[in-house]
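**Student:** Numbering (our numbering), first residue to last: 16 to 431. Okay, handing you the structure first.
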Amino acid sequence: MRIFKFGGASVKDANGVRNVVNVLQQVGHEKTLVVISAMGKTTNAMEEVVKAYFEEENHLDEKIQFIADYHKTIINDLFEAKNHEIHHKVNKLIEEFRGFLMWNKSPKHAFVYDQVVGYGELISTTIVSAYLQENGVPNTWLDVRELIKTDDSFRDAQVNWKKTEQLVKEKVDLNNLNITQGFLGSEENNFTTTLGREGSDYSAAILGYCLNATSVTIWKDVPGVLNADPRHFEETQKLEQISYREAIELAFYGASVIHPKTLQPLQQKQIPLHVKSFIKPTAEGTTVGKGKKIVPEVPCFIVKKDQVLLKLSSLDFSFIVENNISEIFKMFHDYRLKVDLIQNSAISFSVCLDNKFGGISTILPELEKRFKVVCHEDVSLYTIRHFTDEAVESVLNGYDVLVEQRGKETVQLVVK
Ligand code: ADP
Ligand code: ASP
Ligand code: MG
Numbered sequence: 016m017r018i019f020k021f022g023g024a025s026v027k028d029a030n031g032v033r034n035v036v037n038v039l040q041q042v043g044h045e046k047t048l049v050v051i052s053a054m055g056k057t058t059n060a061m062e063e064v065v066k067a068y069f070e071e072e073n074h075l076d077e078k079i080q081f082i083a084d085y086h087k088t089i090i091n092d093l094f095e096a097k098n099h100e101i102h103h104k105v106n107k108l109i110e111e112f113r114g115f116l117m118w119n120k121s122p123k124h125a126f127v128y129d130q131v132v133g134y135g136e137l138i139s140t141t142i143v144s145a146y147l148q149e150n151g152v153p154n155t156w157l158d159v160r161e162l163i164k165t166d167d168s169f170r171d172a173q174v175n176w177k178k179t180e181q182l183v184k185e186k187v188d189l190n191n192l193n194i195t196q197g198f199l200g201s202e203e204n205n206f207t208t209t210l211g212r213e214g215s216d217y218s219a220a221i222l223g224y225c226l227n228a229t230s231v232t233i234w235k236d237v238p239g240v241l242n243a244d245p246r247h248f249e250e251t252q253k254l255e256q257i258s259y260r261e262a263i264e265l266a267f268y269g270a271s272v273i274h275p276k277t278l279q280p281l282q283q284k285q286i287p288l289h290v291k292s293f294i295k296p297t298a299e300g301t302t303v304g305k306g307k308k309i310v311p312e313v314p315c316f317i318v319k320k321d322q323v324l325l326k327l328s329s330l331d332f333s334f335i336v337e338n339n340i341s342e343i344f345k346m347f348h349d350y351r352l353k354v355d356l357i358q359n360s361a362i363s364f365s366v367c368l369d370n371k372f373g374g375i376s377t378i379l380p381e382l383e384k385r386f387k388v389v390c391h392e393d394v395s396l397y398t399i400r401h402f403t404d405e406a407v408e409s410v411l412n413g414y415d416v417l418v419e420q421r422g423k424e425t426v427q428l429v430v431k
């Protein structure tokens with residue numbers, strides 16, 4: 016069994032869906048499980064529905080309508096028959112989450128979020144499955160919530176591997192083409208859970224692990240893993256092959272082409288991961304596998320913007336690491352502040368944090384009661400793997416370096 020994953024960018028419009036069929040026809044689709052994300056930016060639009068539900072109820076209908084219209088345009092373009100049953104199927108899904116929001120009484124944001132946003136994936140897979148069928152590619156649509164079981168940490172659900180493995184083995188038809196959703200799972204009571212934003216790569220890896228897949232391929236709008244994000248760097252180079260270790264390091268530091276959680280299950284079973292272009296499906300992409308040396312051996316650049324650098328010093332000259340560090344980290348954890356770099360001295364401690372959820376403003380007053388705090392907002396964190404002096408020089412141009420950390424393979428710079 017092979018696993019394919021198509022992300023939002025690959026199915027953002029009708030031509031994208033046609034291209035997915037085209038890719039499957041070119042590379043073959045026997046004994047394949049295809050994981051698909053929500054179309055284009057649907058998950059963001061779904062988040063707006065949830066926001067309207069909690070904060071501005073008078074906008075709720077219009078936010079839902081936006082999602083309905085977006086998918087209707089794609090369906091009208093793909094299916095000629097005005098009364099094709101796909102219209103009914105998709106309307107039913109939209110009415111399902113509208114209905115949920117009408118009768119729901121739970122005030123729990125994360126719970127409501129997961130019950131709603133996952134409809135992006137349910138709708139996209141329903142459309143793609145029907146379109147494949149229509150074009151002579153028979154397939155089985157699977158509800159991934161009946162396969163991937165998780166705990167009830169809504170928005171960041173943790174996989175129950177034992178149950179998942181059992182269900183996947185029971186329910187996936189190994190001789191056929193299967194279509195299912197990324198990003199989703201379900202908890203013990205069958206409520207929908209999500210695996211974290213951008214989590215569909217991880218879904219593909221989970222299913223690959225459970226099926227002992229021969230390979231997992233994630234189809235992207237880039238030729239493979241490049242040595243830098245082409246949105247932020249000019250003159251990027253494609254990496255032909257990298258090790259699991261290299262891939263997990265790159266993803267962890269922020270190379271968003273692969274979700275960082277994807278690598279661990281694949282590495283455990285030594286399942287090769289291919290990152291390939293959905294625009295040029297027969298071109299060689301990047302292969303991630305066991306013991307593969309990085310080829311070509313070039314510096315790899317990763318930038319994370321919108322970071323906050325905090326420098327905390329003890330007020331009474333006490334040692335910072337011995338006396339305070341566990342408490343500080345607990346606060347970061349509680350406010351979902353991801354730590355990207357740390358550096359400490361005897362009485363001070365610098366930490367670069369991802370301020371994605373805006374938690375900084377809440378913890379600053381708390382920290383200021385106990386420490387001398389210097390806070391630099393809006394800094395960028397550059398990570399260079401396999402760095403050279405030239406590579407370091409090239410990212411510095413005119414920036415102020417606030418923190419620099421060098422290891423054997425990796426240099427990290429916090430700049431403003
Ligand atoms: P998906 O459609 O699966 O959600 P993403 O948009 O999440 O795909 O990932 C593809 C994007 O990742 C590319 O368009 C590119 O801008 C970005 N990216 C970041 N770092 C890298 C890298 N090192 N190599 C290739 N692409 C990268
Ligand atoms: N649709 C989800 C998201 O946008 C999951 C994914 O695309 O990987 O976060
Ligand atoms: Mg994505």
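C-beta atoms are modelled at their ideal positions from N, C-alpha and C, and glycine is treated no differently.
Nearest to E424 by alpha carbon, out of V313, L327, S52?
**Tutor:** E424 has its Cα closest to that of V313, out of V313, L327, S52.
**Student:** Please output, in chain order, the residues near the ligand ASP using a CB cut-off of less than 6 Å to any non-hydrogen atom of the ligand.
**Tutor:** Counting every residue whose Cβ lies closer than 6 Å to a heavy atom of the ligand ASP, we get G22, G23, S52, A53, T58, G135, G197, F198, R212, E213, G214, S215.
**Student:** For H289, which of helix, strand or coil comes out of DSSP?
**Tutor:** Looking at H289 - three-state DSSP - the assignment turns out to be strand.
**Student:** Do you know how far the Cα of S292 is from the Cα of W234?
**Tutor:** C-alpha separation (whole angstroms): 5 Å.
**Student:** Pick out whichever of Q283, I101, K253, A266 has its Cα sitting closest to the Cα of P275.
**Tutor:** It is A266.
**Student:** When the Cα atoms are used, what is the spatial distance from A145 to V183?
**Tutor:** Going by the C-alpha atoms only, they are around 22 Å apart.
**Student:** Mind reading off the beta-carbon distance from L325 to L368? Whole number of angstroms is fine, and I expect it under 8 Å.
**Tutor:** Right, the Cβ-Cβ distance comes to about 7 Å (below 8 Å), so this counts as a contact.
**Student:** Would you grab the beta carbon distance between I362 and F316 for me? Rounded to a whole angstrom, and I think it's under 8 Å.
**Tutor:** I362 to F316, Cβ: 33 Å. No contact.
**Student:** Which value, in whole angstroms, describes the spacing of the CA atoms of Y218 and G197?
**Tutor:** Just to set this straight, residue 218 is Ser in the shown sequence, not Tyr. The straight-line gap from Cα to Cα measures roughly 5 Å.
**Student:** I need the DSSP call for F347, collapsed to helix, strand or coil.
**Tutor:** Looking at F347 - three-state DSSP - the assignment turns out to be helix.
**Student:** Residue ranges of each alpha helix (DSSP H) run of no fewer than 4 residues wholly in the stretch 168-230, ordered along the chain?
**Tutor:** Within the stretch 168-230, the complete alpha helix (DSSP H) runs of at least 4 residues are 176-186, 215-225.
**Student:** Should P432 be labelled buried (16 or more other beta-carbon atoms within 10 Å of its own) or exposed?
**Tutor:** Because the chain spans 16 through 431 in this model, residue 432 falls outside it and cannot be assessed.
**Student:** To which residues of the same chain is T301 closer than 6 Å at the C-beta, ignoring the five residues directly before and after it?
**Tutor:** Hits under 6 Å: G239, V240, L254, V290.
**Student:** Given Q148, which residues of its chain have a CB within under 7 Å of its CB, disregarding the five upstream and five downstream residues?
**Tutor:** Excluding sequence neighbours, Q148 sits near N154.
**Student:** Please state the DSSP three-state secondary structure of S365.
**Tutor:** Correct three-state label for S365: strand.
**Student:** Just to confirm, are L108 and Y134 a CB contact at a threshold of 7 Å?
**Tutor:** Yes, the pair counts as a contact, with Cβ atoms nearer than the cut-off.
**Student:** Exposed or buried, L278, counting other C-beta atoms within 10 Å across all chains shown (16 or more means buried)?
**Tutor:** L278 should be labelled buried.
**Student:** For M16, does the count of other Cβ atoms within 10 angstroms reach 16, so buried, or fall short, so exposed?
**Tutor:** M16 should be labelled buried.
**Student:** Are the Cβ atoms of K431 and V394 separated by less than 7 Å?
**Tutor:** Their beta carbons are under 7 Å apart, which means K431 touches V394 by this criterion.
**Student:** So is G43 buried or exposed if we call it buried at 16+ other beta carbons inside 10 Å?
**Tutor:** Exposed, since its Cβ has fewer than 16 Cβ neighbours within 10 Å.
**Student:** I142 to E62, Cα distance in whole Å?
**Tutor:** The alpha-carbon atoms of I142 and E62 are separated by roughly 21 Å.
**Student:** Less than 7 Å between the C-beta atoms of T207 and Q282, yes or no?
**Tutor:** Result no, Cβ atoms of T207 and Q282 do not sit closer than 7 Å.
**Student:** Among R170, G151, E180, D171, which has the Cα closest to the Cα of E9?
**Tutor:** Since the displayed the chain opens at 16 and closes at 431, residue 9 lies outside it and no answer follows.
**Student:** What's the call for W342, buried or exposed, on a 16-neighbour Cβ count within 10 Å?
**Tutor:** At residue 342 the sequence reads Glu, which differs from the Trp that was named. Counting Cβ neighbours within 10 Å, E342 comes out exposed, since fewer than 16 surround it.
**Student:** Across which residues does DSSP place Y397 in a beta bridge pair?
**Tutor:** DSSP lists V318, L428 as partners of Y397.
**Student:** Given this structure, state the Cα-to-Cα distance separating G31 from I163, to the nearest angstrom.
**Tutor:** Using only the alpha carbons, I get a separation of about 27 Å.
**Student:** What are the partner residues of T165, as DSSP defines its beta bridges?
**Tutor:** According to DSSP, which records beta bridges pairwise, T165 is partnered with V174.
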